[in-house]
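Please read the structure below before turning to the comments.
There are 2 protein chains.
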Amino acid sequence: MVASSAKHDVFQAIADPTRRKLLKLLSHDEMPVTAISSHFPTSRTAVSKHLRILADAGLVKERKVGRETRYKLEPEPLNELKDWLQFFELYWQNKLTALKLFVESDVEDPSQK
Amino acid sequence: MVASSAKHDVFQAIADPTRRKLLKLLSHDEMPVTAISSHFPTSRTAVSKHLRILADAGLVKERKVGRETRYKLEPEPLNELKDWLQFFELYWQNKLTALKLFVESDVEDPSQK
DNA sequence: CTAATACGAAACCATTTGGTTTCACATTAA
DNA sequence: TTAATGTGAAACCAAATGGTTTCGTATTAG
Numbered sequence: 001m002v003a004s005s006a007k008h009d010v011f012q013a014i015a016d017p018t019r020r021k022l023l024k025l026l027s028h029d030e031m032p033v034t035a036i037s038s039h040f041p042t043s044r045t046a047v048s049k050h051l052r053i054l055a056d057a058g059l060v061k062e063r064k065v066g067r068e069t070r071y072k073l074e075p076e077p078l079n080e081l082k083d084w085l086q087f088f089e090l091y092w093q094n095k096l097t098a099l100k101l102f103v104e105s106d107v108e109d110p111s112q113k
Numbered sequence: 001m002v003a004s005s006a007k008h009d010v011f012q013a014i015a016d017p018t019r020r021k022l023l024k025l026l027s028h029d030e031m032p033v034t035a036i037s038s039h040f041p042t043s044r045t046a047v048s049k050h051l052r053i054l055a056d057a058g059l060v061k062e063r064k065v066g067r068e069t070r071y072k073l074e075p076e077p078l079n080e081l082k083d084w085l086q087f088f089e090l091y092w093q094n095k096l097t098a099l100k101l102f103v104e105s106d107v108e109d110p111s112q113k
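Chains as they are written, first to last, in the UniProt record's numbering: chain A, 1 to 113; chain B, 1 to 113.
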């Protein structure tokens with residue numbers, strides 16, 4: 001199913017280094033905003049905005065607990081990235097296969113012609 | 001070794017959908033700029049700029065042939081992305097393992113406590 | 001009740017981004 | 001030689017991005 005109603009793209013979400021750091025941080029624990037922002041040099045508000053972008057991309061989930069808003073990692077959308085990479089890995093593999101075949105054969109190097 | 005002198009980040013380079021499309025296009029063939037840009041609604045100059053960004057990230061290589069500049073895919077820097085993903089796949093796997101262990105055991109659901 | 005805490009919304013700002021048009025330059029074709 | 005082709009550089013522009021400060025509001029502690 002994978003609704004993908006995301007207002008923000010996964011590719012764009014992970015483009016920012018702060019947001020990548022956020023994802024790693026949130027992989028350990030569910031954390032409230034202030035605790036999260038203590039790991040960054042920027043303001044709490046700035047961190048909060050990054051969290052919203054990640055949430056829009058489906059990469060984190062927020063949960064209100066009393067006056068806190070706790071965030072946790074939601075890695076599923078990263079599969080889109082994985083699938084995208086897959087394409088190029090196949091390309092890469094084919095190149096290697098071609099090279100292997102070439103090396104094993106006895107033809108002259110065409111780049112030397 | 002992997003020099004990584006890249007002025008542009010791989011993560012940032014692939015953030016743009018046009019650039020992702022460029023990478024796929026260039027995986028088929030080495031192509032000159034005008035031929036490349038015929039696949040896009042934007043101007044040749046705009047495409048050229050995207051190509052420069054990809055080149056700065058090491059994702060494409062350019063080669064001058066006569067009055068043409070030909071570009072081809074250079075997938076190696078995508079390994080950085082792959083490595084980054086790896087981290088979260090491990091996280092994902094651990095969660096699944098934990099779930100499996102939980103399901104197989106006979107304890108009550110801790111989230112219901 | 002009152003004060004402190006946790007947070008988002010709003011307004012604002014500088015910089016970056018993705019795009020355009022115009023121009024200059026090198027290479028190739030006639 | 002002259003015209004056409006392929007391209008990058010430059011100047012410019014609107015919108016997006018990442019950041020800040022200030023303010024309002026809800027929740028909890030004293």
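Every residue, glycine too, gets a C-beta built ideally from N, C-alpha and C.
- Beta-bridge partners assigned by DSSP to TYR71/B: MET31/B and GLU62/B.
- With respect to chain B, the C-beta atom of LYS61/A has no partner C-beta closer than 8 Å.
- Under the Cβ distance rule, ALA98/B does not count among the residues neighbouring chain A, no pair being separated by less than 8 Å.
- Against chain B, the beta carbon of GLN12/A has neighbours under 7 Å at ALA15, listed in chain order.
- Counting C-beta atoms within 10 angstroms of its own C-beta, GLN86/B has fewer than 16 neighbours from the protein chains shown and is therefore classed as exposed.
- For LEU25/B, same chain residues with a beta-carbon under 8 Å away, outside a window of 5 residues either side, are MET31, ILE36 and HIS39 in chain order.
- One Cα belongs to GLN12/B, the other to HIS28/B, and the distance between them is close to 23 Å.
- When C-beta distances to chain A are compared with 8 Å, the residues of the region 77-92 of chain B below that value are LEU78, LEU81, LYS82, TRP84, LEU85, PHE87, PHE88, GLU89, TYR91 and TRP92, in chain order.
- Chain-order list of chain B residues neighbouring LYS24/A: PHE87, by C-beta distance under 8 Å.
- Comparing alpha carbon positions, the residue from HIS50/B, LEU81/B and THR45/B closest to THR18/B is HIS50/B.
- DSSP, reduced to helix, strand and coil, places THR42/A outside both helices and strands of the structure shown, so it counts as coil.
- By the C-beta density criterion, VAL65/B is exposed, having fewer than 16 other C-beta atoms within 10 angstroms.
- At a cut-off of 8 Å between C-beta atoms, PRO75/A counts as an interface residue with respect to chain B.
- Taking 8 Å as the cut-off, the Cβ atoms of VAL10/A and LEU59/A count as close.
- Non-local beta-carbon contacts of HIS8/B in its own chain, meaning distances under 6 Å to residues more than five positions away in sequence, involve ILE53, ASP56 and ALA57 in chain order.
- Rounded to whole angstroms, the separation of the alpha carbons of ALA98/B and LEU23/A is 20 Å.
- The beta-carbon separation of TYR71/B and GLU62/B, rounded to 5 Å, stays under the 8 Å limit for a contact.
- Between ALA15/B and ALA46/A, the C-beta spacing is not below 8 Å.
- ARG44/B and THR34/B have their C-alpha atoms some 7 Å from each other.
- Here DSSP, grouped into helix, strand and coil, assigns ALA13/B to helix.
- Here TRP92/B really is in contact with PRO75/A; their C-beta atoms are around 5 Å apart, less than 8 Å.
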